[in-house]
Amino acid sequence: MLFNSLHFLIYFPIVLLLYFLIPVRFRWVLLLVAAYYFYATWQVPLPKDFTFFGEKLTNPLLITLLQARYTLLLLGLSVINYFFGIWIGEARNEKIRNTIFTLSVLTNVGILFYYKYYNFFINNVSVAVSWFGADINLPRADVILPLGISFFVFQKIAYNYEVYKRRFEPERNFWMFLVFSSFFPQLIAGPIERPQNLLPQLNNLKPFDYSEAVMGLRQILWGMFKKVVVADRLTYFVDIVYRNPENYHGWAVIVATLFFTFQIYCDFSGYSDIALGTARMMGIHLMTNFRTPYFAKSIQEFWSRWHISLSTWFRDYLYIPMGGNRVSVPRWIFNLFLIFMVSGVWHGANWTFIVWGFIHGVFNTAEALNKKYNYFPFKVPGFLQRVYMFVVVIFAWIFFRAASLSDAFTVIKNMFVFNSDWFNEIRNLEATAFLNFLLGFPLIALLLTLETWEQNERLQNLFVSNKTVRYLSYIMLCVIIAFFGVFVNQGSFIYFQF
1 MLFNSLHFLI
11 YFPIVLLLYF
21 LIPVRFRWVL
31 LLVAAYYFYA
41 TWQVPLPKDF
51 TFFGEKLTNP
61 LLITLLQARY
71 TLLLLGLSVI
81 NYFFGIWIGE
91 ARNEKIRNTI
101 FTLSVLTNVG
111 ILFYYKYYNF
121 FINNVSVAVS
131 WFGADINLPR
141 ADVILPLGIS
151 FFVFQKIAYN
161 YEVYKRRFEP
171 ERNFWMFLVF
181 SSFFPQLIAG
191 PIERPQNLLP
201 QLNNLKPFDY
211 SEAVMGLRQI
221 LWGMFKKVVV
231 ADRLTYFVDI
241 VYRNPENYHG
251 WAVIVATLFF
261 TFQIYCDFSG
271 YSDIALGTAR
281 MMGIHLMTNF
291 RTPYFAKSIQ
301 EFWSRWHISL
311 STWFRDYLYI
321 PMGGNRVSVP
331 RWIFNLFLIF
341 MVSGVWHGAN
351 WTFIVWGFIH
361 GVFNTAEALN
371 KKYNYFPFKV
381 PGFLQRVYMF
391 VVVIFAWIFF
401 RAASLSDAFT
411 VIKNMFVFNS
421 DWFNEIRNLE
431 ATAFLNFLLG
441 FPLIALLLTL
451 ETWEQNERLQ
461 NLFVSNKTVR
471 YLSYIMLCVI
481 IAFFGVFVNQ
491 GSFIYFQF
């Protein structure tokens, strides 16, 4: 189910009420049932060309059963990794430990590859072979991408690695491990939790805390505002332009790309805020996933603020194990590039994501080399540093959003075509899209203003100490969210597709 759906607004209060009513020793049962219900009730949209054993599916019941079966995949992966963790923890012979850990990684990555990358792989193999005049017919996999598979597979790999490095004792309570593997607030789109943070909290669940509940609710409201009010307004114009980029030029394309820059931020950070707030109301603290990334002054700083649970995952479980910066310069550059290329692949089976990762890899590597060798010794004003960061990030987002490399290059080309009637391209939008287009600019300005205030300690103290200001803010947020939530269709979260 969607966080921004009526279904969730009914589901979560019931779960929360039961959570604090039942004895602590039985809460794991509720969390487990709630998680699998949450996962099973998500309806994954089937691709247009999707077939099942060669036949197109039309029966709604069969489609529902097909989608719900992925709860068995989640359960199966959880069971397998429970035993991997136990075996890794108990192995005393280092060769055996290495073998079991390697097998656990291959199992998790293999399942992720099959569901997410297999068809992309065979399509590219077929194209590559055709360049040499040969024809190869490899079988396609009739699968749909299981919801959140990239997130929960990475969380399981992190768990096994921590056990392997003896930094965490394996969880021996089978049921508690299942809860850890499927904790519903962060199951579908993160944060990708480390066992050291989440498992001890699940093993020591807290009683109801009013201040924690209020802070959690506040974070949920902020996340809902970013998703329902900002991201879903910007989506209209972005989708129209990027669906047919050849029809739009100049400022129309520039504005659509700017809108997507804030759409994806509000969409994903909004989800993370709701996830953190939901967990916090139950007394559980998840790791912060975003820290105002568009206020960064470099691409390196951007990545220390954007999708923090993923960027630190790559740092801890790929970059550092490969030697990090403690190796020769060529190897160091390779390590840096690799994590961003893998990050691109992690986001999707499309060359557009690989190019997106490549762009970030180039600028991260250049900044790292400049920091080491001081190639650019000049002092640059902070404002210009932010402009540089923003331009690079926006340019990279073109590839992230475009459906294909061809579409991405069309967008880039049309950005510089100002001799067309771009004003009429916008004016001729249908009424709903045009209204949302007009709303986009003040909403972005409001978002940036609120995030600027959030970093101002004096204003923060005023908000905390002044009950009137605080409650008026909550009421305004609720009214705005309710208005857009009732009168506008709910949009899915972008990162659900990963």
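Going by my numbering, the first residue of the sequence shown is number 1, and it counts up by one from there. Note that the Cβ used here is the ideal one computed from N, Cα and C, for glycine as well. Since the structure is predicted, the reported quantities are computational estimates derived from the model, not experimental observations.
Cβ-Cβ distance between residue i and residue j below 8 Å
| i | j | result |
| --- | --- | --- |
| Ile-426 | Ala-252 | yes |
| Glu-162 | Pro-191 | no |
| Tyr-375 | Leu-384 | no |
| Arg-315 | Arg-305 | no |
| Ile-299 | His-347 | no |
| Ala-433 | Ile-240 | yes |
| Asn-289 | Ile-308 | yes |
| Arg-233 | Gly-440 | yes |
| Phe-183 | Leu-9 | no |
| Ile-86 | Ser-104 | no |
| Ser-181 | Asn-81 | yes |
| Val-153 | Ile-111 | yes |
| Trp-42 | Leu-199 | no |
| Val-228 | Phe-400 | no |
| Ala-402 | Thr-352 | yes |
| Tyr-236 | Phe-423 | no |
CB contact check: residue i to chain B, cutoff 8 Å
| i | result |
| --- | --- |
| Val-127 | The chain labelled as chain B is not found in the depicted structure, where only one protein chain is given. |
Where the alpha helix (DSSP H) containing residue i begins and where it ends
| i | result |
| --- | --- |
| Arg-386 | 382-401 |
| Phe-12 | 6-21 |
| Phe-334 | 329-347 |
| Thr-449 | 431-454 |
| Arg-280 | 251-281 |
| Met-415 | 405-415 |
| Trp-87 | 70-90 |
| Ile-192 | No alpha helix (DSSP H) holds Ile-192; DSSP gives it neither H nor E. |
| Thr-41 | Run containing Thr-41: none; DSSP gives neither H nor E here. |
| Gly-110 | 94-112 |
| Asp-232 | 232-243 |
| Tyr-118 | 118-130 |
| Thr-352 | 351-373 |
| Asn-424 | 422-427 |
| Lys-156 | 149-164 |
| Glu-212 | 210-224 |
| Arg-167 | Per DSSP, Arg-167 belongs to no alpha helix (DSSP H) and is neither H nor E. |
Selected residue, minimal CA-CA separation from residue i, among the options
| i | options | result |
| --- | --- | --- |
| Tyr-118 | Gly-223, Val-129 and Leu-145 | Leu-145 |
| Leu-450 | Ile-111, Val-230 and Tyr-82 | Val-230 |
| Lys-165 | Ile-264, Phe-418 and Ile-320 | Ile-320 |
| Tyr-471 | Leu-178, Met-215, Asn-93 and Leu-103 | Met-215 |
| Phe-337 | Trp-351, Val-327 and Phe-363 | Phe-363 |
| His-249 | Ile-480, Phe-484 and Asn-419 | Asn-419 |
| Glu-246 | His-7, Phe-409 and Lys-467 | Phe-409 |
| Leu-447 | Phe-225, Asn-123 and Tyr-388 | Phe-225 |
| Leu-205 | Leu-405, Trp-28, Arg-243 and Phe-3 | Trp-28 |
| Gln-455 | Ala-431, Phe-295, Arg-386 and Asp-421 | Phe-295 |
| Tyr-19 | Asn-436, Ile-100 and Ala-279 | Ala-279 |
| Gln-201 | Leu-405, Val-380, Val-79 and Met-287 | Met-287 |
| Pro-23 | Phe-208, Tyr-70, Ile-149 and Lys-116 | Phe-208 |
| Pro-170 | Arg-458, Arg-243, Phe-101 and Val-417 | Phe-101 |
Nonlocal neighbours in the same chain, by C-beta distance under 6 Å from residue i, ignoring five residues either side
| i | result |
| --- | --- |
| Lys-371 | none |
| Pro-293 | Phe-302, Arg-305 and Trp-306 |
| Gly-223 | Gly-270, Asp-273 and Ile-274 |
| Ala-68 | Ala-40 |
| Tyr-11 | none |
| Asp-407 | Pro-245 |
| Phe-120 | Ala-349 |
| Ile-444 | Phe-262 |
| Ser-311 | Trp-303 |
| Phe-3 | Ile-274 |
Sequence-distant residues of the same chain with beta carbon closer than 8 Å to residue i, five excluded per side
| i | result |
| --- | --- |
| Leu-16 | Met-281 and Met-282 |
| Trp-397 | Thr-257, Phe-260, Thr-261, Ile-264 and Trp-356 |
| Gly-382 | Lys-297 |
| Val-524 | Here the chain comprises residues numbered 1 to 498, so residue 524 is not present and cannot be evaluated. |
| Thr-365 | Ile-333, Leu-336 and Phe-337 |
| Ile-157 | Ser-104, Val-105, Asn-108, Val-109 and Tyr-317 |
| Val-479 | none |
| Ile-481 | Leu-221, Met-224, Phe-225, Val-228 and Val-229 |
Close-in-space but distant-in-sequence residues of the same chain around residue i (CB under 7 Å, 5 per side omitted)
| i | result |
| --- | --- |
| Pro-13 | none |
| Met-322 | Asn-335 |
| Phe-390 | Tyr-294 |
| Val-380 | none |
| Phe-168 | Glu-162, Pro-195 and Gln-196 |
| Leu-178 | Leu-32 and Ser-78 |
| Ser-404 | Thr-352 |
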